[in-house]
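S.K.: Quick note: the sequence shown, position 200, residue 206 per this note's numbering, numbers continuous. Just so it is clear, CB atoms sit at the ideal spot from N, CA and C, and this is done for glycine as well. Mind having a look at this structure? Questions to follow.
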Amino acid sequence: MGRFPRTDDPNHTGIPVELRGLRKSFRGKKVLDGLSLLCEAGRTTVILGRSGGGKSVTLKHIVGLLRPDAGEVLVGGRDVARLPEDELDEVRQDFGMLFQDAALLDSLNVFDNVALPLRLHTKKSKEEIREIVIRNLRLVGLSEDASLKTPSELSGGMRKRVGLARAIALRPRVILYDEPTSGLDPIMTDVINALMMDVQAETGATQIAISHDLAAAFKVAHKIAMLHEGKIIEEGTPEEVQKSQDPVVRQFLEGRRHGPVQVV
Numbered sequence: 007m008g009r010f011p012r013t014d015d016p017n018h019t020g021i022p023v024e025l026r027g028l029r030k031s032f033r034g035k036k037v038l039d040g041l042s043l044l045c046e047a048g049r050t051t052v053i054l055g056r057s058g059g060g061k062s063v064t065l066k067h068i069v070g071l072l073r074p075d076a077g078e079v080l081v082g083g084r085d086v087a088r089l090p091e092d093e094l095d096e097v098r099q100d101f102g103m104l105f106q107d108a109a110l111l112d113s114l115n116v117f118d119n120v121a122l123p124l125r126l127h128t129k130k131s132k133e134e135i136r137e138i139v140i141r142n143l144r145l146v147g148l149s150e151d152a153s154l155k156t157p158s159e160l161s162g163g164m165r166k167r168v169g170l171a172r173a174i175a176l177r178p179r180v181i182l183y184d185e186p187t188s189g190l191d192p193i194m195t196d197v198i199n200a201l202m203m204d205v206q207a208e209t210g211a212t213q214i215a216i217s218h219d220l221a222a223a224f225k226v227a228h229k230i231a232m233l234h235e236g237k238i239i240e241e242g243t244p245e246e247v248q249k250s251q252d253p254v255v256r257q258f259l260e261g262r263r264h265g266p267v268q269v270v
């Protein structure tokens, strides 16, 4: 059946991602235990949870890097957990991903890192690719001069920006973020948060992030989901989650901050 329908409309919207009853164990240890969550189209969902609690495993299921022991991973209504590898490879072109360490290729400069998915998966001309790369770099706050730098010349924040420019190169319908503010100072954390909101507004993509950064989650999320012991135990708007009386949620919220979280 190929990829999800896509449009050249610059205001195109994302597609919904729904996890239904996901179960996954490794060597007999349950990591996901009936996880269910709807990530609405064109919105930003942040999955919060403790380190080692299954957040990364959840993300890998969404993009098809892991197959569940049971349950469904519905992306645009299709169960990617059941797709053959050739169709799954095509579907992945509708995903963009910002890895925790940006995962830039050290042998390529910034321009070539961002251009790589366009060269691999499209037949665009050199001129078209250049236009897209420069536009994406500007969208994440980098000048054309930055395109000539190598990854070793970049700060951690700049690496994240380049990684985000590459993640949106194919105009994905879904963008995944793996701890997008990890390792950044407060100023650069605010920059990345703002970029996530700008990219979502610009592209209309569905955004799904995993994080333990409570302040960042409350800033960028339309929906927050709390993952604990392999299940989503609380979900809702930032305002709703902040009012939760679940003892695990309260412990997480109060243990991660001093003073009230400002919902913006």
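#1: Would residue 59 and residue 38 be called neighbours here (beta carbons separated by less than 7 Å)?
#2: Where does the unbroken beta strand (DSSP E) through residue 51 begin, and where does it stop?
#3: If you count every other CB in all the chains shown that lies within 10 Å of the CB of residue 27, and 16 or more means buried, which is it?
#4: Between which two residues does the beta strand (DSSP E) harbouring residue 234 extend?
#5: If we ignore side chains and look at the alpha-carbon of each, how far apart do residue 221 and residue 196 end up?
#6: Taking the straight line between their C-alpha atoms, what separation do you get for residue 54 and residue 62?
#7: Output the distance between the C-alpha atoms of residue 74 and residue 25, rounded to the nearest integer angstrom.
#8: Helix, strand or coil, according to DSSP, for residue 106 in the structure here?
#9: What three-state label does DSSP hand residue 213 in the structure shown?
#10: From what residue to what residue does the alpha helix (DSSP H) around residue 39 run?
#11: Taking 7 Å as the threshold (beta carbon to beta carbon), is residue 128 in contact with chain C?
#12: For residue 203 and residue 210, I'd like the C-alpha separation in whole angstroms.
#13: Go ahead and label residue 198 buried or exposed: buried means 16 or more other beta carbons lie within 10 angstroms of its beta carbon, across all protein chains shown.
#14: Would you mind stating whether residue 120 and residue 171 have Cβ atoms separated by less than 7 Å?
#15: Short of 8 Å in beta carbon distance, which residues of its chain neighbour residue 87, apart from the five on each side in sequence? Order them along the chain.
#16: Which residues share a DSSP beta bridge with residue 76?
#17: Report all residues from its chain with a CB closer than 7 Å to the CB of residue 42; omit the five preceding and five following residues, and keep chain order.
#18: Give the DSSP-derived three-state secondary structure of residue 238 in the structure shown.
#19: How many whole angstroms separate the CB atoms of residue 101 and residue 178, which I take to be in contact at a CB cut-off of 8 Å?
#20: Going by beta-carbon coordinates alone, are residue 5 and residue 212 separated by less than 7 Å?
#21: CB-CB under 7 Å to residue 188, same chain, minus the five flanking residues each way: which ones, in chain order?
#22: In whole angstroms, what separates the C-alpha of residue 17 from that of residue 140?
#23: Do you know how far the Cα of residue 252 is from the Cα of residue 89?
#24: Identify the continuous beta strand (DSSP E) that holds residue 181 and give its terminal residues.
#25: Between which two residues does the alpha helix (DSSP H) carrying residue 244 extend?
#26: Based on Cα-Cα distance, which residue from 227, 158, 147 lies nearest to residue 183?
M.R.: Result, derived from the coordinates:
#1: Here residue 59 refers to the residue found at position 53 of the sequence shown. Here residue 38 refers to the residue found at position 32 of the sequence shown. In this structure, residue 38 does not lie closer than 7 Å to residue 59 by Cβ.
#2: One-based indexing of the sequence shown puts residue 51 at position 45. Per DSSP, residue 51 belongs to the beta strand (DSSP E) from 50 to 54.
#3: As a first step, residue 27 must be located in the sequence shown, where it is residue number 21. That one is exposed.
#4: As a first step, residue 234 must be located in the sequence shown, where it is residue number 228. Note, residue 234: beta strand (DSSP E), 229 to 234.
#5: Residue 221 sits at position 215 when you count from the first residue of the sequence shown. Residue 196 sits at position 190 when you count from the first residue of the sequence shown. Using only the alpha carbons, I get a separation of about 10 Å.
#6: Numbered from 1 along the sequence shown, position 48 holds the residue referred to as residue 54. Numbered from 1 along the sequence shown, position 56 holds the residue referred to as residue 62. Answer to the nearest angstrom: the Cα atoms are 11 Å apart.
#7: Residue 74 sits at position 68 when you count from the first residue of the sequence shown. Residue 25 sits at position 19 when you count from the first residue of the sequence shown. Those two C-alpha atoms are separated by around 10 Å.
#8: The sequence position of residue 106 within the sequence shown is 100, counting from 1. In the structure shown, residue 106 sits in coil (DSSP, three-state: anything other than H, G, I, E or B).
#9: Working through the sequence shown from its first residue, we reach residue 213 at position 207. Note: residue 213 maps to strand in three-state DSSP.
#10: What you label residue 39 is simply residue 33 of the sequence shown in a count that begins at 1. No alpha helix (DSSP H) holds residue 39; the beta strand (DSSP E) holding it covers 35 to 45.
#11: Within the model displayed, chain C is absent; a lone protein chain is all it includes.
#12: Taking the sequence shown and counting its residues from 1, one reaches residue 203 at position 197. Taking the sequence shown and counting its residues from 1, one reaches residue 210 at position 204. CA-CA distance, residue 203 to residue 210, rounds to 10 Å.
#13: In the sequence shown, residue 198 corresponds to position 192, counting from 1. That one is buried.
#14: The sequence position of residue 120 within the sequence shown is 114, counting from 1. The sequence position of residue 171 within the sequence shown is 165, counting from 1. A contact, by the Cβ cut-off of 7 Å.
#15: Numbered from its first residue, the sequence shown carries residue 87 at position 81. Sequence-distant Cβ neighbours of residue 87 in its own chain, meaning closer than 8 Å and more than five residues away, are 67, 70, 73, 74, 77, 78, 79.
#16: For the purposes of this step, residue 76 is taken as the residue at position 70 of the sequence shown. Beta-bridge pairing links residue 76 to 29.
#17: Numbered from its first residue, the sequence shown carries residue 42 at position 36. Counting only Cβ-Cβ distances below 7 Å, and skipping sequence neighbours, we find 25, 26, 27, 238.
#18: Counting from 1 along the sequence shown, the entry for residue 238 is found at position 232. When DSSP states are grouped into helix, strand and coil, residue 238 belongs to the strand group.
#19: For the purposes of this step, residue 101 is identified with residue 95 of the sequence shown, where counting begins at 1. For the purposes of this step, residue 178 is identified with residue 172 of the sequence shown, where counting begins at 1. For residue 101 against residue 178, the beta-carbon gap comes to about 5 Å, under 8 Å, which counts as contact.
#20: In the structure displayed, the chain extends from 7 to 270; residue 5 sits before or after that span and is not available.
#21: Stepping through the sequence shown from its first residue, residue 188 is reached at position 182. Cβ neighbours of residue 188 beyond the five flanking positions: 106.
#22: Taking the sequence shown and counting its residues from 1, one reaches residue 17 at position 11. Taking the sequence shown and counting its residues from 1, one reaches residue 140 at position 134. Interpretation of residue 17 is limited by its pLDDT of 46, a score under 50 that renders its predicted location unreliable; no figure is taken from the coordinates.
#23: As a working note, residue 89 is residue 83 in the sequence shown. As a working note, residue 252 is residue 246 in the sequence shown. The straight-line gap from Cα to Cα measures roughly 37 Å.
#24: Indexing the sequence shown from 1 puts residue 181 at position 175. Taken as a continuous stretch (DSSP letters only), the beta strand (DSSP E) holding residue 181 covers 180 to 184.
#25: Residue 244 sits at position 238 when you count from the first residue of the sequence shown. Start and end: 244 to 248.
#26: For the purposes of this step, residue 183 is identified with residue 177 of the sequence shown, where counting begins at 1. Ranking 227, 158, 147 by Cα distance to residue 183 puts 227 first.
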